[in-house]
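Undergrad:
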Amino acid sequence: MSETTNSPAAESAGGAPTETTAPHRYTAALAADIEARWQEFWEAEGTYEAPNPKGDLAGDAGSVARPKKFIMDMFPYPSGAGLHVGHPLGFIATDVYARHQRMTGHNVLHTLGFDAFGLPAEQYAVQTGTHPRVSTEANIVNMRRQLRRLGLGHDGRRSIETIDPAYYKWTQWIFLQVFNSWYDPEADAARPIDTLVAQFEAGDRPTPDGRAWSGLSPLERANILGEYRLAYASDAPVNWCPGLGTVLANEEVTADGRSERGNYPVFKAKLRQWNMRITAYADRLLNGLDALDWPEAIKLQQRNWIGRSEGARVDFPVGDDKITVFTTRQDTLFGATYMVLAPEHPLVAGADNGNGTGSIVPDAWPEGTHDVWTGGHATPGDAVAAYRKQAASKSDVERQAEAKDKTGVFTGAFATNPVSGEQVPVFIADYVLMGYGTGAIMAVPAHDTRDFAFARAFELPMRCVVEPSDDRGTDPSTWDDAFASYDAKIVNSSGADISLDGLGVTEAKAKITEWLADQGIGEGTVNFRLRDWLFSRQRYWGEPFPIVYDEDGVAHALPESMLPLELPEVEDYSPRTFDPDDADTQPETPLSRNEDWVNVDLDLGDGIKRYRRETNTMPNWAGSCWYEMRYLDPHNSDALVDPEIEQYWMGPRDGQPAGGVDLYVGGAEHAVLHLLYARFWSQVLHDLGHVSSSEPFHKLYNQGMIQAFVYRDSRGIAVPAAEVEERDGGYYYQGEKVSRVLGKMGKSLKNAVTPDEICAEYGADTLRLYEMAMGPLDVSRPWDTRAVVGQYRLLQRLWRNVVDEATGEVTVVDGEPDEATLRALHKAIDGVSQDMANLRFNTAIAKVTELNNHLTKAGTPVPRTVAEQLVLLIAPLAPHIAEELWRKLGHTDSVVHADFPVADPAYVVDETVTCVVQIKGKVKARLEVAPSISDADLEATALAEPAVVAALDGAGIRKVIVRAPKLVNIVPA
RNA sequence: GCCCGGUUGGUGGAACUGGUCAGACACGCGGCUCUCAAACAGCCGUGCCCUUGGGCAUGUGGGUUCGAAUCCCACACCGGGCACCA
399 MSETTNSPAA
409 ESAGGAPTET
419 TAPHRYTAAL
429 AADIEARWQE
439 FWEAEGTYEA
449 PNPKGDLAGD
459 AGSVARPKKF
469 IMDMFPYPSG
479 AGLHVGHPLG
489 FIATDVYARH
499 QRMTGHNVLH
509 TLGFDAFGLP
519 AEQYAVQTGT
529 HPRVSTEANI
539 VNMRRQLRRL
549 GLGHDGRRSI
559 ETIDPAYYKW
569 TQWIFLQVFN
579 SWYDPEADAA
589 RPIDTLVAQF
599 EAGDRPTPDG
609 RAWSGLSPLE
619 RANILGEYRL
629 AYASDAPVNW
639 CPGLGTVLAN
649 EEVTADGRSE
659 RGNYPVFKAK
669 LRQWNMRITA
679 YADRLLNGLD
689 ALDWPEAIKL
699 QQRNWIGRSE
709 GARVDFPVGD
719 DKITVFTTRQ
729 DTLFGATYMV
739 LAPEHPLVAG
749 ADNGNGTGSI
759 VPDAWPEGTH
769 DVWTGGHATP
779 GDAVAAYRKQ
789 AASKSDVERQ
799 AEAKDKTGVF
809 TGAFATNPVS
819 GEQVPVFIAD
829 YVLMGYGTGA
839 IMAVPAHDTR
849 DFAFARAFEL
859 PMRCVVEPSD
869 DRGTDPSTWD
879 DAFASYDAKI
889 VNSSGADISL
899 DGLGVTEAKA
909 KITEWLADQG
919 IGEGTVNFRL
929 RDWLFSRQRY
939 WGEPFPIVYD
949 EDGVAHALPE
959 SMLPLELPEV
969 EDYSPRTFDP
979 DDADTQPETP
989 LSRNEDWVNV
999 DLDLGDGIKR
1009 YRRETNTMPN
1019 WAGSCWYEMR
1029 YLDPHNSDAL
1039 VDPEIEQYWM
1049 GPRDGQPAGG
1059 VDLYVGGAEH
1069 AVLHLLYARF
1079 WSQVLHDLGH
1089 VSSSEPFHKL
1099 YNQGMIQAFV
1109 YRDSRGIAVP
1119 AAEVEERDGG
1129 YYYQGEKVSR
1139 VLGKMGKSLK
1149 NAVTPDEICA
1159 EYGADTLRLY
1169 EMAMGPLDVS
1179 RPWDTRAVVG
1189 QYRLLQRLWR
1199 NVVDEATGEV
1209 TVVDGEPDEA
1219 TLRALHKAID
1229 GVSQDMANLR
1239 FNTAIAKVTE
1249 LNNHLTKAGT
1259 PVPRTVAEQL
1269 VLLIAPLAPH
1279 IAEELWRKLG
1289 HTDSVVHADF
1299 PVADPAYVVD
1309 ETVTCVVQIK
1319 GKVKARLEVA
1329 PSISDADLEA
1339 TALAEPAVVA
1349 ALDGAGIRKV
1359 IVRAPKLVNI
1369 VPA
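So this is what it looks like as C-alpha cells:
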C-alpha cells in the first residue's frame, strides 16, 4: 500500500545544540529522553489497548460502553530500507485524531499492521539476494522501530502481518468462501455453491446441454460450476508481463499499456488463470458508493472504472450464424453500414490454427471486393489469420501508440442490418476490444468518431441518420468529423416495419429497443466496463491457493482443517522473468519447481488420492482486502472475526447504513485497486453471513503527498538535495548551477529525509507538529527541513511557560487568570476542538501557538489552570511533552485518557467587537460595540457616527445593510 | 480529447455558509535588546508601488452584488484520473 522503497535509515544527523547554561532546557536531548521514557510507559501500561466486548481482548466494561471509533491507516509495505518523512504523514494524522477522540470519551481502536506479501517485497529480496521472508521481517523490525519513535498510539496486540500463517489462513479461508459460492441473481447476493448444485440435481435448473446432472462426469460438473463460482479458473486473454514474469490485473496496467510496477510492456496472452467474478457485483459496487462518506473524486473514479452504460444488444444475421453487438446508440441502427469484430472474436477464430477458415470467413473474396479491404491477401482466410497474428503480437503500448491510425481487414462475410435489411460488410479491427461488450460493434460512421475514421480509411459508405444541429448539412461525405451529439432529431430511419424519423434520440432509443425485443432480435441491456479481477500471479511471495487438482484436472478446495496451507520454504524463489519485449513467452510459477510440495496424497473424503497443488499465488491485494476485520479479533482461531466483536466495531448504525471503519486515511492511488477489491470481498462476506457490515470503510480521507525539491545538474542527473546551496536566487551543487523542480521524495532522486534524522535533531513531537502544521492534510506540499525549527521553538516556549529551565521546577501559580487570558484560552479551546474534529490540524496548531504566544508575551507566571488546559490542548499533537508536563504539574494519571478541555461560551466571544461602517463598500468608520447589539441599535449608532455623517455629506440614504455586530454598509442615494 | 481538482506575500499556508484595511500561524529576511563576542532568548518590522497621504493587490479578462479570494462566464497555467469502452 503506501510504499516505502526509499531512503536509508540514516542515524542521527546531529546538529542539536549540545551546550546550554540551562540544564532543564527543552533540547533534542531532553526530548529524546522524555520520548523514550513515555514510550516505555505506554507500552508497559498498555495505554492504547482498546477493549473488545468479549474474547481474549475483552476489557473494562465502562470503556466498551462508550461510543466506539475505529480509526485506520492504509497499512504499509515493509519493502526497502525504511521510511522517509513523507510516509508517516497519514499515520501521524490518524494518531492525532485518535488521541482527540480518546480524550472526548470514545473507545478508540487504532493499530497498524504490515502488508508484506507481494511484488515490492519480493523484488527487494531478489535485489538484495536474501529470502523474502528474511528481508521482509527485517524490514518490518526496522519500520516498527521507526514508527515507535514517533509515539504513535497503537494497540500493539492487534497488529497483524499478512505473511503470518495465522493471518493468511483466513485469507485462504475467504478465498474458499468465494470459490464455494455463486451469484444468485434472484437474491442479488452470493449464496453457497451447494444451493446451485441442489437446483441442478433437482432439475430446477437445466444443464447447458440438457443432460441430467447425475449423468455428467465430475469434470463436466466442475466445468459447469466454474461458470458460476465467484472464484473461477478460465482461459481468457490476460495481461502478460514478461519483464515481471507474471500476469497482472487490469487495474495494475497503466493507461499506456505498461505494468504499474516496473513500467514493463504488457501483452495480451491467453492463459488459464484464476479470476474473481467482481463483475457480478458491478451494480452493487456502484450503488453502494452513495452511502459512503468518501471524497467525490474517488467515488467518481470508481464509478468511471465500473463504467455502467445503458444500451441494447442487437443481433445481425450472418448466414446461419449471427453477430451480437452491444451499442449505446441503438437509435442510429439505420446508419450502421458495416460491422467490426475484435480480432480475438470466436466467429473468426480457427482462421490461423490450421483448421481452415473461421466460421464466418468464406474461402474466397466476394465478387468486387475493394482492394483496400483485403490487406493484399489472396483469400479472406489468409487476411484474417495474418491480421489476428499481428494483433496478438502487438503490446498494449504499440496498440495505444497506433490508436489514431485505424487498421483492419475485411472478413469476406456480410451481415444483414435487421432494420434496413441491407447487406453490410464485416471487418476485424483492433479498435474493437474483445473484453468490452460483446467484442463486436455495428459501425455507424456518420455518428461515431472512431467508425468515421475507419470508414474514411477503408472507403466505406456513411449514412446520416441524426440530423446535424450545426450547419454541416446531411451529406457525411463532406464532413470533417462525425456528428455524435445526442441533442438532435432522427432522420433517414424508416424501414418496412418501423420508422424512427422525427424522434429525438431518447424516444428513438426507447422505440427501437422495444421493437427489437418484440422481434426477438435484441433487448435493452446494461454493460459495464469493469472486468473480472485476475487473481493469480506467477510469483513466490504470496499466499498459496488452497486448491488441489485431481487426475482429471478437477479443482478441489482444501477443507478448512488443512488451513493454513503454508508457503513452502524454498531456495529458489526468484520469478522466471523474460526479455520485457518478448511476447512469445510463457509464465512459470516458482512453486511448480518444487515437486515434493506440488504432488501430495490427501484424503478429501473419498480415500487417499494423489493430487497436484495449484502453484500460482494470490496477488498482493489479497491480504489487504479484509485486514480491517482482523484488527478487531486478531487471535481468533475459530473465525476470521467473532460476529459480536465485528458488530461492535463495524456494524451498521445511524448515518452508517452499511457499517464500516469510522475513518480510513491513505493515499488516493488506491481508488480503483485496494478500495474496490476490499469493498467486493466485504460484500461477499456480508452476503454469506460472516459479517454485519457490507462496506469496509465508511469514511475515507486522502492525505496529500509530501513532496520534495529535486535538483538536477546540466545532464539532468539528480544531485544530493542536502548539499545544494542557494544564492542569488539560483541553486548550486559543488559550484555548478543546478535546476530545481518539485517532485516526489525518494532515494533515487537523492532528496529523501528520514524521520530518524529529524527526531535526532529535534525530537518526535517536533516532527509530528511540523508534519501536521505544514498545511491541510489533503493537500500535497513540499518538505522544508529549515522550517521544522518553528515547531521546535513552539515546544520550547511551551516548556518555558511551565518549567524553570534552571531548576526544572514548575513555575505555574495558583489563582485566577486575567480576563484576556481566559478569553484567549477559551477561544483556543473552541477553535482547536472544531479543528481536531474536522482533521484541520494545521489551524489547530496555529491556535495553540497563539495561546502560547499570549502567555509568553504576558511575561508573568502562568496560572495553573491555564497551563493544564494548554497541555491538554496540545496532547494529541505532541503527546510526549504533554505527558511530561502533565506529570510535572502533579498528575499521576496519563494525559492520554484525560478529558479534553471544553470551551466556556462566555469567554469565546469578545467583550466588544469592532464593527466597520462602510459607505458603498468603503470603510469610513469603526465602532466598538457589544457582540449582542441589535441591528436597529447598530444602524442608529452607525448613522450617528460623526465620520459617517461627514462622509455622507448630506446625501440621502437609499439603503442600509446591517449585519450585526460586524458590519454596516450604507448605500447613498 | 474527456472528466475531476487547483492557482493567495520571498516560502508553506489563514480567511466559518460572499461581509472588518486579505495575508492568522510559521519559515525566511531586516532592525533592536541581552552578550566581551556569538549562540540561545526576547522585542519590533516585513504584500507591492509612489517616501504626507494615498494608490494597487488573491493566475488573466469580463460579469452578478451595497459588498467577491469566496458566486457565474471565458481564457491561461499547474496537478491528477480516464482514454479506440461502441
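Under the working numbering, think of the first position of the first sequence as 399, with each following residue one higher. C-beta: ideal position from N, C-alpha, C; glycine also.
Exposed or buried, P778, counting other C-beta atoms within 10 Å across all chains shown (16 or more means buried)?
TA: Here residue 778 refers to the residue found at position 380 of the first sequence. Around the beta carbon of P778, a 10 Å sphere encloses 16 or more other beta carbons of the protein chains shown; the residue is thus reported as buried.
Undergrad: Can you give me the C-alpha to C-alpha distance between A1303 and V506, rounded to a whole angstrom?
TA: Taking the first residue of the first sequence as position 1, residue 1303 is located at position 905. Taking the first residue of the first sequence as position 1, residue 506 is located at position 108. Before going on, a small fix: residue 1303 reads as Pro here, not Ala. Cα to Cα, the separation comes out at about 28 Å.
Undergrad: What does the alpha-carbon distance come out to for the pair K448 and S1090?
TA: Position 50 of the first sequence holds residue 448. Position 692 of the first sequence holds residue 1090. Correcting the residue identity first, residue 448 is Ala in this sequence and not Lys. So the alpha carbons of these two residues sit roughly 21 Å apart.
Undergrad: Span of the beta strand (DSSP E) holding G922?
TA: Numbered from its first residue, the first sequence carries residue 922 at position 524. Its beta strand (DSSP E) spans residues 920 to 926.
Undergrad: Which runs of the beta strand (DSSP E) spanning at least 3 residues fall entirely within the region 1259 to 1318, listed in chain order?
TA: 1311 to 1317
Undergrad: Taking the C-alpha atoms as reference points, what is the distance between D713 and E905?
TA: Position 315 of the first sequence, counted from the start, is the residue given in the question as residue 713. Position 507 of the first sequence, counted from the start, is the residue given in the question as residue 905. Spanning the two alpha carbons is a distance of roughly 21 Å.
Undergrad: Return the first residue and the last residue of the alpha helix (DSSP H) that T375 is part of.
TA: In the structure as shown, the chain begins at 399 and stops at 1371. Residue 375 is therefore absent and cannot be evaluated.
Undergrad: Below 6 Å CB to CB, which residues in the same chain sit around P715 once its five sequence neighbours on both sides are set aside?
TA: Against the first sequence, residue 715 aligns to sequence position 317. Here the set comprises T814.
Undergrad: Identify which residue in V864, W440, D1202 has its Cα closest to the Cα of R547.
TA: The residue given as residue 547 occupies position 149 in the first sequence. The residue with the shortest Cα to Cα distance from R547 is W440.
Undergrad: Kindly give me the distance between the Cβ atoms of D1060 and I469, rounded to whole angstroms, as I take these residues to be in contact under 8 Å.
TA: One-based indexing of the first sequence puts residue 1060 at position 662. One-based indexing of the first sequence puts residue 469 at position 71. About 6 Å separates the two Cβ atoms, so the contact holds.
Undergrad: Quickly, what does DSSP pair I721 with across the bridge? List them, please.
TA: As a working note, residue 721 is residue 323 in the first sequence. Partner(s): F714.
Undergrad: Suppose you measure from the CA of I1272 to the CA of A1280; what does that come to, to the nearest Å?
TA: As a position in the first sequence, residue 1272 is number 874, starting the count at 1. As a position in the first sequence, residue 1280 is number 882, starting the count at 1. Their backbone Cα atoms lie some 7 Å apart in a straight line.
Undergrad: Comparing C-alpha positions only, which one of S892, K1135, G460, P944 sits nearest to E1123?
TA: Working through the first sequence from its first residue, we reach residue 1123 at position 725. Checked all of S892, K1135, G460, P944; the closest Cα to E1123 is K1135.
Undergrad: What three-state label does DSSP hand T1247 in the structure shown?
TA: Taking the first sequence and counting its residues from 1, one reaches residue 1247 at position 849. Residue state, collapsed to three classes: helix.
Undergrad: Do you know how far the Cα of D633 is from the Cα of M832?
TA: Stepping through the first sequence from its first residue, residue 832 is reached at position 434. Stepping through the first sequence from its first residue, residue 633 is reached at position 235. Computed Cα separation, rounded: 14 Å.
Undergrad: Have a look at the DSSP bridge pairing and note the partners of Y581.
TA: Along the first sequence, one-based indexing puts residue 581 at 183. The partner list for Y581 (beta bridge, DSSP) reads A588.
Undergrad: With distances taken from CA atoms, which of P663, A1076, C1313, D1031 is nearest R555?
TA: By one-based count along the first sequence, residue 555 stands at place 157. It is D1031 whose Cα lies nearest to the Cα of R555.
Undergrad: Taking the C-alpha atoms as reference points, what is the distance between A1328 and A1340?
TA: Here the question's residue 1328 lines up with position 930 in the first sequence. Here the question's residue 1340 lines up with position 942 in the first sequence. Approximately 13 Å, taken between the alpha carbons.
Undergrad: Can you give me the C-alpha to C-alpha distance between D1291 and F1298, rounded to a whole angstrom?
TA: Taking the first sequence and counting its residues from 1, the one referred to as residue 1291 is at position 893. Taking the first sequence and counting its residues from 1, the one referred to as residue 1298 is at position 900. Roughly 14 Å between the two C-alpha positions.
Undergrad: Would the beta-carbon of R848 fall within 8 Å of that of Y829?
TA: Residue mapping note: residue 848 aligns to position 450 of the first sequence, counting from 1. Residue mapping note: residue 829 aligns to position 431 of the first sequence, counting from 1. In this structure, Y829 lies closer than 8 Å to R848 by Cβ.
Undergrad: Given a cut-off of 8 Å, decide if I538 and A514 are closer than it, judged by their beta-carbon atoms.
TA: As a first step, residue 514 is located in the first sequence; it is residue number 116 there, counting from the start. As a first step, residue 538 is located in the first sequence; it is residue number 140 there, counting from the start. Against a cut-off of 8 Å, the Cβ pair of I538 and A514 comes out as a contact.
Undergrad: Look up S707 in the DSSP assignment and give the residues it is bridged to.
TA: For this step, residue 707 is matched to residue 309 along the first sequence. DSSP, once it has assigned bridges, lists N925 as partnering S707.
Undergrad: Restricting to Cα atoms, I'd like to know which of H529, K452, P465 is closest to V968.
TA: Looking up residue 968 in the first sequence gives position 570. V968 has its Cα closest to that of H529, out of H529, K452, P465.
Undergrad: In angstroms with no decimal places, state the Cα-to-Cα distance between L858 and A851.
TA: Mapped onto the first sequence, residue 858 falls at position 460. Mapped onto the first sequence, residue 851 falls at position 453. Using only the alpha carbons, I get a separation of about 10 Å.
Undergrad: Tell me whether G893 sits in a helix, a strand or coil according to DSSP, three-state version.
TA: As a working note, residue 893 is residue 495 in the first sequence. Of the three classes helix, strand and coil, the one that applies to G893 here is coil, per DSSP.
Undergrad: Contact between the region 733 to 742 and the region 1103 to 1119 is defined here as three or more beta-carbon pairs at a separation below 8 Å; is this criterion met?
TA: Touching, no.
Undergrad: Under 7 Å Cβ to Cβ from N925, same chain only, skipping five residues before and after it: list those, please.
TA: By one-based count along the first sequence, residue 925 stands at place 527. Excluding the 5 residues flanking it on each side, N925 has same chain C-beta neighbours closer than 7 Å at S707, G709, F724, G835, in chain order.
Undergrad: Roughly how many whole angstroms lie between the Cα atoms of T1209 and V1200?
TA: Numbered from 1 along the first sequence, position 811 holds the residue referred to as residue 1209. Numbered from 1 along the first sequence, position 802 holds the residue referred to as residue 1200. Cα to Cα, T1209 sits roughly 5 Å from V1200.
Undergrad: Quick one: Cα of A1158 to Cα of V1151, how far?
TA: Position 760 of the first sequence, counted from the start, is the residue given in the question as residue 1158. Position 753 of the first sequence, counted from the start, is the residue given in the question as residue 1151. C-alpha separation (whole angstroms): 12 Å.
Undergrad: In the DSSP output, what is A1323 paired with across the bridge?
TA: Translated into positions along the first sequence, residue 1323 becomes position 925. Note: A1323 sits in a beta bridge opposite V1315.
Undergrad: Going straight from the alpha carbon of H552 to that of F512, what length do you get?
TA: The residue labelled residue 552 in the question sits at position 154 within the first sequence. The residue labelled residue 512 in the question sits at position 114 within the first sequence. Computed Cα separation, rounded: 13 Å.
Undergrad: If G686 and L928 are in contact, beta carbons under 8 Å, what's the gap, nearest whole angstrom?
TA: On the first sequence, residue 686 is found 288 positions in, with the first residue counted as 1. On the first sequence, residue 928 is found 530 positions in, with the first residue counted as 1. Wrong, their Cβ atoms sit about 14 Å apart, outside the cutoff.
Undergrad: DSSP three-state call for F812: helix, strand or coil?
TA: The residue labelled residue 812 in the question sits at position 414 within the first sequence. Of the three classes helix, strand and coil, the one that applies to F812 here is strand, per DSSP.
Undergrad: In the DSSP assignment, what are the bridge partners of F1107?
TA: What you label residue 1107 is simply residue 709 of the first sequence in a count that begins at 1. DSSP lists L1140 as partners of F1107.
Undergrad: Among residues of its own chain, excluding the 5 on either side of R1361, which ones have a beta-carbon nearer than 6 Å to its beta-carbon?
TA: Here residue 1361 corresponds to residue number 963 of the first sequence, with the count starting at 1. Answer for R1361: no residue qualifies.
Undergrad: Among the candidates E443, L487, T1258, A442, whose CA atom is the shortest distance from the CA of N1240?
TA: As a first step, residue 1240 must be located in the first sequence, where it is residue number 842. It is L487 whose Cα lies nearest to the Cα of N1240.
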